[in-house]
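Novice: This is the structure, below, for whatever I ask next.
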Amino acid sequence: MPVQDEYRRKLMSAADAAASVPSGVQVLVAMGLGAPPAVLAALADRVRADDLLDLDLYYGMGGDAIGDTILQPGVIEKLRAHTFFVAGRDHHIIADPARADRETLDFIPVNFSNLPRVIREHLDVDTFLVQVSPMDASGHFSFGVVNDYASVAARACRRLIVEVNPNMPRVFGDSLLHIDEVDAIVEHASPLPEVAEAAPTDADLGIAAHVAAHIPDGATLQIGAGRVPAAVAAALGDHRDLGIHSALFSSAFVPLIESGVITGQRKTLHPRRHVWTSAVGDAHTYAFMNDNPSMVSFPADYVNDPQVISRNDAMISVNAAIQVDLYGQVNAEMIAGVQYSGSGGQFDFVTGAAKSRGGKSFVVLPATAKGGAISTIVPRVDIVTDERMDVEHVVTEHGMVNLRGLSTQERALALISLADDAHKDALVEAARAQRLIA
């Protein structure tokens, strides 16, 4: 059948596509900007009307499309929601013990590199919902700004519903989906949400300067989400021939590519290609990505595989943290005992960069939080995201230390040196109580 005829045969309304989902199954929604708003709204209507029962719904990093539909009162209480990464509206649900819907939202801890395997081997996904770019003449859609687990889930589910959005960029790599693989098509035009980091503080700029000075020309970059990593990217304007192999492609990379700072010419893996698995940014970022053959996305079990990461010489990993303790353990996902985010790909890149020839990993954080009232260098972290055996450089505005090869005593003293002066005495006392120093 010609692809255009097959397209018309599978084209339907969002309500009709949602009507094909049976009760009592697992439904997986694409991560972040890949979540399809029209289909999700129709699915939420069915749940609200008690027309769709006993549903297990899974998603990663839910944005407005999830928050405006599935997480709304009258819907979330009627299903079981599971997230792989706490973000956005999830915070208000998880942090408030008085909310009844708190009990219906579960967090699934998993490193990003293992998430496709969890979907493939440990879930039983009946329906996968994803937003895609328009079909080309050969019958191929593109997953656009999301690949992460989308390209895996599309082949692991029993029912694939795609929402075609003309604003979704068409990208290359392992991002193509043929119409033969699709069960239902919904057309819905909606602007992709624009995501921008807040303006950096003086502390952020100080941290960025420390890190940028230790990134060599020709290095391959992974830069995580957050204000401080974005400030690091902005500090690289005088570098040359940098490359990208990153879980996240953000708007911070675009001016560096356009100015010739990032070329990928010296990459040892996928030279001259910008490799990533998920992207966020502004309208200019999405336009830059569209039909750009240098932009290649792959699933997270490839991009985030530490063995793959390590094949990039001079691999540089920059990730934000919430706390670092006196042992060198990193917490990047919990605040005051409450889940705030997830491990994401941080651990994958910390370990991968450590295995790279000439590689370095940087964990970055301001020395204090809440206006200086709380130290981010702490005696013990709330939960361990990055293990102390793998953590290398830790950076605050007060300096940088490399923990590799240091004893427990040397680590404690080095990390205390990164703390704010107002908290150093308490940390010294804690180190003594924990028998880390005499």
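Residues are numbered in our numbering as their position in the sequence shown, beginning at 1, plus a constant of 8.
Beta carbons are placed, not taken as given, at the ideal position from N, Cα and C, and that holds for glycine.
If I measure Cβ to Cβ from R419 and keep anything under 6 Å in the same chain, skipping five residues before and after, which residues do I get?
Specialist: Contacts found: G336 and L411.
Novice: Tell me whether the beta-carbon of D390 lies closer than 7 Å to the beta-carbon of N339.
Specialist: Yes, they are a contact pair.
Novice: If contact is defined by three or more beta carbon pairs under 8 Å, each pair taking one atom from either stretch, is the region 267 to 277 in contact with the region 136 to 147?
Specialist: Flag = no, the region 136 to 147 and the region 267 to 277 do not touch.
Novice: DSSP has F180 in a bridge; who is on the other side?
Specialist: The partner list for F180 (beta bridge, DSSP) reads V304.
Novice: Quick check: R97 and T112, are their CB atoms within less than 7 Å of each other?
Specialist: No.
Novice: Is any non-hydrogen atom of the ligand ATP found closer than 6 Å to the C-beta of I101, if you look at the structure I gave you?
Specialist: Among the ligands in the structure shown, none appear at all, so the ligand ATP cannot be discussed.
Novice: Just to confirm, are F136 and L36 a CB contact at a threshold of 7 Å?
Specialist: The answer is yes: Cβ separation under 7 Å.
Novice: Among F357, G289 and S351, which residue has its Cα nearest to the Cα of S318?
Specialist: When only C-alpha atoms are compared, the closest one is F357.
Novice: Restricting to Cα atoms, I'd like to know which of F151, R128 and V399 is closest to G181.
Specialist: Per the Cα distances, F151.
Novice: Could you give the first and the last residue of the continuous beta strand (DSSP E) run that contains L426?
Specialist: Where L426 is concerned, there is no enclosing beta strand (DSSP E), given that its DSSP letter is neither H nor E.
Novice: Going by C-alpha to C-alpha distance, which of E341, Q34 and L444 sits closest to H130?
Specialist: Of the candidates E341, Q34 and L444, the one whose C-alpha sits nearest the C-alpha of H130 is Q34.
Novice: Considering only DSSP beta bridges, list what T228 is partnered with.
Specialist: For T228, which the question treats as bridged, DSSP gives the partners G251 and M323.
Novice: Tell me which residues share the same chain as K363 and place their Cβ nearer than 6 Å to its Cβ, disregarding the 5 neighbours each side in the sequence.
Specialist: S318.
Novice: What do you get for E341, buried or exposed, if any count of 16 or more other CB atoms within 10 angstroms of its CB means buried?
Specialist: Buried.
Novice: Provide the residue span of the alpha helix (DSSP H) that contains V55, from first to last.
Specialist: Start and end: P45 to R56.
Novice: Of all the options V47, Y310, A322 and S351, which has the alpha carbon lying nearest to the alpha carbon of I330?
Specialist: Nearest option by C-alpha distance: S351.
Novice: Leaving out the 5 sequence neighbours to the left and right, which residues in its chain are closer than 8 Å to R52 when beta-carbon positions are compared?
Specialist: It should be pointed out that residue 52 corresponds to Ala in this sequence rather than to Arg. Same-chain partners within the cutoff: T77, I78, Q80 and V83.
Novice: Excluding the 5 residues preceding and the 5 following A427 in the sequence, name in chain order all residues of the same chain whose CB lies nearer than 6 Å to its CB.
Specialist: Taken in chain order, the residues that qualify are A375, S383, I385 and L435.
Novice: When the Cα of L213 is compared with those of G232, H222, V236 and M69, which residue comes out closest?
Specialist: When only C-alpha atoms are compared, the closest one is V236.
Novice: For I445, which three-state DSSP category applies?
Specialist: It is coil, neither helix nor strand.
Novice: Check whether the region 193 to 202 and the region 155 to 164 are in contact - that is, three or more C-beta pairs closer than 8 Å.
Specialist: Contact fails: fewer than three Cβ-Cβ distances are below 8 Å.
Novice: Between T91 and D132, what straight-line distance do the alpha-carbon atoms span, to the nearest angstrom?
Specialist: Roughly 15 Å between the two C-alpha positions.
Novice: Which term fits S267, buried or exposed, when burial requires 16 or more other beta carbons within 10 angstroms of its beta carbon?
Specialist: Exposed, by the Cβ-count rule.
Novice: Around the C-beta of R9, are 16 or more other C-beta atoms found within 10 angstroms, so that it is buried, or is it exposed?
Specialist: In the sequence under discussion, the amino acid at residue 9 is Met, which differs from the Arg named in the question. Result: exposed.
Novice: Going by DSSP in three states, K86 sits in which element: helix, strand or coil?
Specialist: Here K86 sits in helix by DSSP.
Novice: Mind reading off the beta-carbon distance from I223 to E405? Whole number of angstroms is fine, and I expect it under 8 Å.
Specialist: The Cβ separation is near 18 Å, so there is no contact.
Novice: Taking its Cβ as the centre, do 16 or more other Cβ atoms sit within 10 Å of K368, making it buried, or is it exposed?
Specialist: With 16 or more other Cβ atoms within 10 Å, it is buried.
Novice: Decide yes or no for the touch test of the region 232 to 248 against the region 297 to 311: beta carbon pairs closer than 8 Å, at least 3 of them.
Specialist: With the cut-off at 8 Å, the region 232 to 248 and the region 297 to 311 do not touch.
Novice: If we ignore side chains and look at the alpha-carbon of each, how far apart do D64 and R56 end up?
Specialist: About 15 Å.
Novice: Three-state secondary structure (DSSP) at Q315?
Specialist: If DSSP states are grouped into helix, strand and coil, Q315 belongs with the helices.
Novice: Going by DSSP, what residues sit across from S258 in a beta bridge?
Specialist: S258 pairs with nothing; no bridge assigned.
Novice: Return the CA-CA distance between D62 and V399, expressed in angstroms with no decimal places.
Specialist: Cα to Cα, D62 sits roughly 43 Å from V399.
Novice: Distance, Cα to Cα, L123 vs A158?
Specialist: Looking at the two C-alpha atoms, the distance is approximately 11 Å.
Novice: Please give me, in chain order, every unbroken run of the alpha helix (DSSP H) with length at least 4 that falls completely inside the region 351 to 430.
Specialist: List check, alpha helix (DSSP H) in window: 354 to 363 and 416 to 424.
Novice: Among I343, D433 and A377, which one has its Cα closest to the Cα of V392?
Specialist: Taking only the C-alpha atoms, the option nearest V392 is I343.
Novice: Got a sec? Which residues, its chain only, sit under 6 Å from E2 by beta carbon, not counting five neighbours each side?
Specialist: Summary: the structure shown does not reach residue 2, with the chain confined to residues 9 through 446, and so no result is reported for it.
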